[in-house]
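What follows is a single structure, written as structure tokens, with notes after it.
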Amino acid sequence: MTKQEINPYVTLICTHCDFYKEDDTQLECAAFKVLKAMLQEGRITPVEIKDALR
Ligand code: SF4
-13 MTKQEINPYV
-3 TLICTHCDFY
7 KEDDTQLECA
17 AFKVLKAMLQ
27 EGRITPVEIK
37 DALR
């Protein structure tokens, strides 16, 4: 099972990152943690993340 399959936040955030490695299932950088927390709290939406990463 890949990182992308087990964590939807990785799919949404990390797959757009230059440092993304599919086999690295543990690393969560500060930016990832902040975005994940903001998504969980409803401060931003997945659509806003996708729009920002276009
Ligand atoms: S955890 Fe951070 S550095 Fe690693 S792939 Fe995700 S956004 Fe990029």
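Read in order, the letters of the sequence shown correspond to residues -13 to 40 in our numbering. Even for Gly, the Cβ is constructed at its ideal location relative to N, Cα and C.
Nonlocal neighbours in the same chain, by C-beta distance under 6 angstroms from residue i, ignoring five residues either side
i	result
residue 0	6
residue 30	24
Local Cβ density within 10 Å of residue i, reported as buried at 16 or more and exposed below that
i	result
residue -4	buried
residue 21	buried
residue 2	exposed
Own chain residues within Cβ distance below 7 angstroms of residue i, not counting five before or after
i	result
residue -2	32 and 35
DSSP three-state assignment for residue i, whether helix, strand or coil
i	result
residue -3	helix
residue 21	helix
Residue i: CB within 8 angstroms of a non-hydrogen atom of the ligand SF4
i	result
residue 38	no
residue 35	no
Own chain residues within Cβ distance below 8 angstroms of residue i, not counting five before or after
i	result
residue -13	Any answer about residue -13 is weak, because its pLDDT of 42 lies below 50 and its placement is not dependable; what the coordinates show is given next. Nothing listed; no residue qualifies.
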